[in-house]
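**Student:** Okay, here's the structure, questions in a sec.
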Amino acid sequence: MLYRRQNMISIDRMQEMLEEIAETFPEAFYEKLNGGICLLPEVKYSPYARAEDLCTLGEYHRNVMGRYIYIYYGSFIRVHGRLSEPALYEELRQTVAHEFTHHLEDLAGERGLIKRDEEDLAAYLWGNEEDD
52 MLYRRQNMIS IDRMQEMLEE IAETFPEAFY EKLNGGICLL PEVKYSPYAR AEDLCTLGEY
112 HRNVMGRYIY IYYGSFIRVH GRLSEPALYE ELRQTVAHEF THHLEDLAGE RGLIKRDEED
172 LAAYLWGNEE DD
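So for the sequence shown, the working numbering puts the first residue at 52; every next one is plus one.
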């Protein structure tokens with residue numbers, strides 16, 4: 052029997068959703084975010100994943116090219132592909148908000164969310180230790 056994702060959102064629809072979500076954030080959030088928010092088609096697995104069970108949904112980047120947010124369509128479909136469109140929209144909104152938090156903390160010289168992400172990763176790694 053073939054597995055079929057009943058509610059899979061197309062990348063074009065997800066781009067529309069992302070644009071709608073992006074418009075809800077204050078203009079001040081975009082200060083120095085010269086690369087904007089980009090929807091990429093691939094699945095991105097965390098380099099710390101022990102299997103294909105830890106996908107990266109979004110990333111904030113700052114480098115010589117500037118500051119930008121990546122959202123990974125393939126990762127969203129892998130993790131949340133069976134959700135209804137409204138539920139997927141909310142997951143996408145939360146991910147964009149998370150990445151904006153990284154951006155705003157970076158501008159302020161803060162590391163609170165990075166520390167929380169590191170704690171979450173440590174919990175994941177500890178929880179999978181017995182799988183070795």
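No residue lacks a Cβ here, since even glycine has one placed at the ideal position from N, Cα and C.
What you are looking at is a predicted structure, and each value in this text was computed from that prediction instead of being measured.
1) From what residue to what residue does the alpha helix (DSSP H) around Arg64 run?
2) Please confirm whether Arg118 and Leu84 have their CB atoms less than 9 Å apart.
3) Give me, in chain order, the residues of the same chain whose beta-carbon lies closer than 8 Å to that of Thr208; leave out the 5 immediate sequence neighbours on both sides.
4) Are Tyr99 and Glu150 touching if we call contact CB-CB under 9 Å?
5) Round the Cβ separation of Ile60 and Glu136 to the nearest angstrom and send it over; I've been treating them as touching at under 8 Å.
6) Assuming Met65 and Leu90 are in contact, meaning their beta carbons sit under 8 Å apart, how far apart are those beta carbons, in whole angstroms?
7) Suppose you measure from the CA of Val130 to the CA of Ala79; what does that come to, to the nearest Å?
8) Can you tell me whether Leu172 is buried or exposed? The criterion is at least 16 other CB atoms within 10 Å of its CB, across all chains shown.
9) Assuming Leu143 and Glu156 form a contact by the criterion Cβ under 8 Å, report the distance between their Cβ atoms to the nearest whole angstrom.
10) Spatial neighbours of Thr70 within its chain, please: CB distance less than 8 Å, with the 5 preceding and 5 following residues excluded, ordered by chain position.
11) Report the partner residues of Glu169 according to the DSSP bridge assignment.
12) Determine the direct distance from the alpha carbon of Arg113 to that of His153, and round the result to whole angstroms.
13) Identify every run of the beta strand (DSSP E) within the stretch 77-117, keeping only runs that are complete inside it and at least 3 residues long; order them along the chain.
**Tutor:** With the structure as the only source:
1) Ile62 to Glu74
2) yes
3) This structure leaves residue 208 out entirely; the chain is present only between 52 and 183.
4) no
5) 6 Å
6) 6 Å
7) 31 Å
8) exposed
9) Not really, about 21 Å apart at Cβ, beyond 8 Å.
10) Here residue 70 is Glu; the residue named in the question, Thr, does not match the sequence. Contacts found: none.
11) Answer by DSSP bridge pairing: none, since Glu169 is not bridged.
12) 10 Å
13) 88-91 and 109-114
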